[in-house]
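J.: With my numbering, you'll find the sequence shown wraps up at 150, consecutive numbering, no jumps.
All residues carry an ideal CB built from backbone N, CA and C; glycine is no exception.
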Amino acid sequence: MKLLIVICVLISVVLAQQGFQDNQNVQIVRYFYENRGLEGYKFTYELSDGQIRSEEGAYKDGTDVDGNPVKILVVQGAYSHVAPDGETYWVNYQSDENGYRPKTGKGVGGIKPGEDAGIDPNLLKSLVG
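1. From valine 129 to tyrosine 62, what does the alpha carbon distance come to, in whole angstroms?
2. Here's the rule I'm using: 16 or more other beta-carbon atoms within 10 Å means buried, otherwise exposed. How should glycine 131 be labelled?
3. List the whole-angstrom C-beta distance separating arginine 57 from tyrosine 66, where the pair is believed to meet the contact cut-off of C-beta under 8 Å.
4. Using CA coordinates, which residue listed in Ser69, Tyr110, Glu118, Pro105 is at the minimum distance from isoleucine 93?
5. Between the alpha carbons of glycine 88 and aspartate 82, how many angstroms are there, rounded?
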């Protein structure tokens with residue numbers, strides 16, 4: 022019985038090390054970054070282990086608590102990763118003067134390889150004027 026336990030422990034250690042070593046070989050599959058200065062920014066990256074992140078931000082006019090004019094950064098983005106169980110978990114989010122608003126899930130519904138998260142075209146039109 023003790024021999025069986027020792028064998029199981031050794032197999033577990035070997036398998037755990039293999040999983041760890043695989044994570045060290047993650048490669049960048051796609052990368053894009055654009056800094057538009059005061060107009061905002063956009064970036065996307067994908068990794069070979071299934072991680073994806075994309076975000077875009079732009080400024081809009083607003084007011085602070087005292088009614089003074091300020092610029093408000095509006096951000097929209099998404100990220101996802103594949104868990105060890107093979108399931109894809111994702112977060113789509115927006116952030117602005119109303120706070121951070123994430124939508125989470127697993128499976129279908131998140132960002133997919135080759136996609137970019139972007140600001141909703143209707144929101145972008147309102148920012149431009």
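T.: Taking the coordinates as given:
1. 27 Å
2. buried
3. That belief does not hold up - the Cβ atoms of arginine 57 and tyrosine 66 are roughly 18 Å apart, past 8 Å.
4. Glu118
5. 12 Å
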